[in-house]
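J.: Residue numbers (this note's numbering): -17 to 91. Structure provided below as structure tokens; questions to follow.
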């Protein structure tokens, strides 16, 4: 423990970066392995069209957000933006289907 207290700060940061990012047993490397396995499983099922194969990247399977270079706040902001866009699209679809059910054309005539 004395070595930790007498260690230069820069060396501590180097060891910390190695332990969390570069080390083969780090969380990022484990997540990358998991994402690659999930991607391989999905693509090998045969249920995915060729046009959709590009949508299955390893970042799509990163449920913990460890592979992204963004902070948690940036990831939360993006998620909120996507949720708003989805809600707006659903509201437009519901409005259009309601107008169609009532017999009103989308332009209001």
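Yeah, the Cβ is synthetic: ideal placement off N, Cα and C, and Gly gets one too. Just so we're clear, the structure is a prediction, and the values are computed from it rather than from any experiment.
(1) Just confirm the distance between the C-beta atoms of residue 10 and residue -14, as a whole number of angstroms; I'd bet it's less than 8 Å.
(2) Less than 7 Å between the C-beta atoms of residue 38 and residue 25, yes or no?
(3) Is the Cβ of residue 8 closer than 7 Å to any Cβ of chain B?
(4) Only counting the same chain, and skipping five residues up and downstream in sequence, which positions put a Cβ closer than 7 Å to that of residue 46?
(5) Along the chain, where does the alpha helix (DSSP H) containing residue -4 start, and where does it finish?
(6) Using beta-carbon positions only, say whether residue 18 and residue 40 come within less than 7 Å of one another.
(7) Can you name, in chain order, every residue of its own chain whose Cβ lies under 6 Å from the Cβ of residue 2, other than the five neighbours on each side?
T.: Here's the rundown:
(1) On the chain shown, position 28 is the one that residue 10 refers to. On the chain shown, position 4 is the one that residue -14 refers to. Contact doesn't hold; Cβ gap of about 23 Å is too wide.
(2) Counted from its first residue, the chain shown places residue 38 at position 56. Counted from its first residue, the chain shown places residue 25 at position 43. Taking 7 Å as the Cβ cut-off, residue 38 and residue 25 qualify as a contacting pair.
(3) In summary, chain B is missing from the structure at hand, where a single protein chain is found.
(4) Translated into positions along the chain shown, residue 46 becomes position 64. Sequence-distant Cβ neighbours of residue 46 in its own chain, meaning closer than 7 Å and more than five residues away, are 13.
(5) Counting from 1 along the chain shown, the entry for residue -4 is found at position 14. Its alpha helix (DSSP H) spans residues -9 to -1.
(6) For this step, residue 18 is matched to residue 36 along the chain shown. For this step, residue 40 is matched to residue 58 along the chain shown. Cβ atoms of residue 18 and residue 40: closer than 7 Å.
(7) Your numbering for residue 2 matches position 20 in the chain shown. Closer than 6 Å at Cβ, skipping near neighbours: 8.
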